[in-house]
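Taking it in order: structure first as structure tokens, then the write-up.
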Amino acid sequence: MNTSDNVVRVDALSFSFNVSYMRDLSKWYEFKSVSGYTGALPEFPTPPAQINFRTGLTLDAADYQRQLDDYLHEHYGAVYQRIFLFFDRMFGLSVGPVRSRGMQGYTHSCRLFSADGQHECGWLMFGGANQKDTAHVQLSGVGCRYLFMHTTPYLLWNTLRGLGVTRLSRIDLCFDDFTGNFDTAYALTAYKDRAFLTGKGGRVQVL
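Each residue of the sequence shown is one higher than the one before, counting from 1 in full-length UniProt numbering.
Rendered as structure tokens:
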């Protein structure tokens, strides 16, 4: 038996991060050193003002709304391009086209694929006034496999730390037991010892 097969693997992973970290990407040393990217980054637009600085008068509501809509379109375009670059360089995953409908309260969503585009790996969601300028990532078991083909657990931890991620929304671990040390009886014992609690201060065990 190859001992490398007898390890704990990540089979699902979800986390959220603040989009503002994409704005500071050019200042993030870890991104430059790990990704090796030295090109120019897509620029974020300047938000519109409600007052015309030339006349000092408040803009017409329709004019301001039109400028705001244009700004949001350009803003999300810059977010998408930077995230696309980040996921490609740091996670080894490609980001599919932005869908017109969102997920889980987010207004925009994209499928995540392996670098060659042949395998679906999960979802990326962003946008929405109630989401506090965050993006959410969901990786399937396939996505986790391709993720760790590109990076290591330590580099992933360091990358998530750089994104301000302090808590994972979800992580599923799997283990192929070739030694018989962790059988059904062990799982039942762990259950009795309340080892399957979920969330902070949770009381309901999941087995």
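Where is the CB? At the ideal position from N, CA and C, for every residue including glycine.
Note that the structure is predicted; figures quoted are calculated from it, not measured.
Asked: Quick check on A40: buried or exposed, where buried means 16 or more other Cβ atoms within 10 Å of its Cβ?; Found: exposed
Asked: DSSP three-state label for M1, please.; Found: With a pLDDT of 40 at M1, under the threshold of 50, the predicted position of this residue should be treated as unreliable, and no value is reported.
Asked: Between V142 and the rest of its own chain, which residues show a CB-CB distance below 6 Å, the 5 nearest in sequence each way excluded?; Found: H119, C121
Asked: Under three-state DSSP, which class holds E120?; Found: strand
Asked: Is the Cβ-Cβ distance between M125 and M90 less than 8 Å?; Found: no
Asked: Where does V10 fall in DSSP's three states?; Found: strand
Asked: Can you tell me whether I83 is buried or exposed? The criterion is at least 16 other CB atoms within 10 Å of its CB, across all chains shown.; Found: buried
Asked: Under the three-state reduction of DSSP, which class applies to T151: helix, strand or coil?; Found: coil
Asked: With a threshold of 16 other CB atoms inside 10 Å of the CB of M22, please say whether the residue is buried or exposed.; Found: buried
Asked: Tell me where the beta strand (DSSP E) around I171 begins and ends.; Found: 170-175
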